[in-house]
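A.B. asks: Residue numbers (our numbering), protein chains in the order written: chain A, 205 to 316; chain B, 21 to 128. My questions will all concern the structure given below.
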Amino acid sequence: SAVISQKPSRDICQRGTSLTIQCQVDSQVTMMFWYRQQPGQSLTLIATANQGSEATYESGFVIDKFPISRPNLTFSTLTVSNLSPEDSSIYLCSTGPNYGYTFGSGTRLTVV
Amino acid sequence: KNEVEQSPQNLTAQEGEFITINCSYSVGISALHWLQQHPGGGIVSLFMLSSGKKKHGRLIATINIQEKHSSLHITASHPRDSAVYICAVIQGAQKLVFGQGTRLTINP
Numbered sequence: 205s206a207v208i209s210q211k212p213s214r215d216i217c218q219r220g221t222s223l224t225i226q227c228q229v230d231s232q233v234t235m236m237f238w239y240r241q242q243p244g245q246s247l248t249l250i251a252t253a254n255q256g257s258e259a260t261y262e263s264g265f266v267i268d269k270f271p272i273s274r275p276n277l278t279f280s281t282l283t284v285s286n287l288s289p290e291d292s293s294i295y296l297c298s299t300g301p302n303y304g305y306t307f308g309s310g311t312r313l314t315v316v
Numbered sequence: 021k022n023e024v025e026q027s028p029q030n031l032t033a034q035e036g037e038f039i040t041i042n043c044s045y046s047v048g049i050s051a052l053h054w055l056q057q058h059p060g061g062g063i064v065s066l067f068m069l070s071s072g073k074k075k076h077g078r079l080i081a082t083i084n085i086q087e088k089h090s091s092l093h094i095t096a097s098h099p100r101d102s103a104v105y106i107c108a109v110i111q112g113a114q115k116l117v118f119g120q121g122t123r124l125t126i127n128p
């Protein structure tokens, strides 16, 4: 399975600012997924990111709020824009089925 | 009703006890994952199974496709097993649908 390096591990951000989260994979993977885990909740899929095409967003998530880049097969970023306290969550990336759904270590975001 | 239901939501046990966490799902799946999440947030995949039983060390996972039910067992539990255990099913080609997780605490 692949190994994912996710950064930052945690951050505290002011309202109205943005945070960009990076995931670097040690293998070339076709699909990457971005998830949000709100406090006390399970994971919710934000979007699926394929290299060379626009990300596919799940219901309730929009590109203006959660822009995603996928410049190559080993890297992806998720930006959480115009932050509000409701965005305080853990954000995780993962690979897809061909690499055993390996997960990043998570980014714990606190918005103040 | 969630498509993936886990029970119990919280479980506290003494070191050495045999632990069982259950997962029921209501949708068609191609496979099922058991995941472990530690307090820092990172997630590790423990098992992926589509039939029968898998064993890794003190962990055993079983699945009954007809019953749409899976169990995760931990033998000789240890405080380091304390974590959130998440059941996730694979729908279609790739999408994971997650249960709400079971918070396990093992006391010494």
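Beta carbons: idealized from backbone N, C-alpha and C, even for Gly. If you're wondering where the values come from, they're calculated on a predicted model, not measured in any experiment.
1) Taking only beta-carbon atoms, is residue 309 of chain A less than 8 Å away from chain B?
2) Rounded to whole angstroms, how far is the Cβ of residue 10 of chain B from the Cβ of residue 42 of chain B, which I believe are closer than 8 Å?
3) Taking the beta strand (DSSP E) that residue 74 of chain B falls in, what are its first and last residues?
4) With a 10 Å radius around its C-beta and 16 neighbouring C-beta atoms as the bar for buried, classify residue 267 of chain A as buried or exposed.
5) Could you pull the DSSP bridge partners for residue 63 of chain B from this structure?
6) Against chain B, with Cβ distances strictly below 8 Å, would residue 240 of chain A count as a contact?
7) Any contact between the stretch 71 to 85 of chain B and the stretch 276 to 294 of chain A? By contact I mean 3 or more CB pairs, one from each, below 8 Å.
8) Just to make sure I have the definition right: I need the residues of chain B whose C-beta is within less than 7 Å of the C-beta of residue 235 of chain A. Which are they?
9) Along chain B, which residues have their Cβ under 7 Å away from the Cβ of residue 246 of chain A?
10) Alpha carbon to alpha carbon, how far is residue 94 of chain B from residue 39 of chain B?
11) By DSSP, does residue 275 of chain A sit in helix, in strand, or in coil?
12) Using a threshold of 8 Å, state whether the C-beta atoms of residue 117 of chain B and residue 104 of chain B are closer than that.
13) So that I know if they touch, is there some Cβ in chain B lying closer than 8 Å to that of residue 305 of chain A?
14) Pick from B:92, B:85, B:119, B:124: whose alpha carbon is nearest that of residue 245 of chain A?
15) Count the other C-beta atoms from every protein chain shown that fall within 10 angstroms of the C-beta of residue 291 of chain A, then say buried if there are 16 or more, exposed otherwise.
C.D. replies: Put simply:
1) Cβ-Cβ to chain B under 8 Å: yes for residue 309 of chain A.
2) Residue 10 of chain B lies beyond the residue range present for chain B, which begins at 21 and ends at 128; the question has no answer from this structure.
3) 72 to 76
4) A residue is called buried once 16 or more other Cβ atoms fall within 10 Å of its Cβ, and residue 267 of chain A, having fewer, is exposed.
5) B:57
6) no
7) no
8) Ordered by position in chain B, the residues that pass the 7 Å Cβ test against residue 235 of chain A are 114.
9) 106, 118, 119, 120, 121
10) Just so you know, the alpha carbons of residue 94 of chain B and residue 39 of chain B end up roughly 5 Å apart.
11) strand
12) no
13) yes
14) B:119
15) buried
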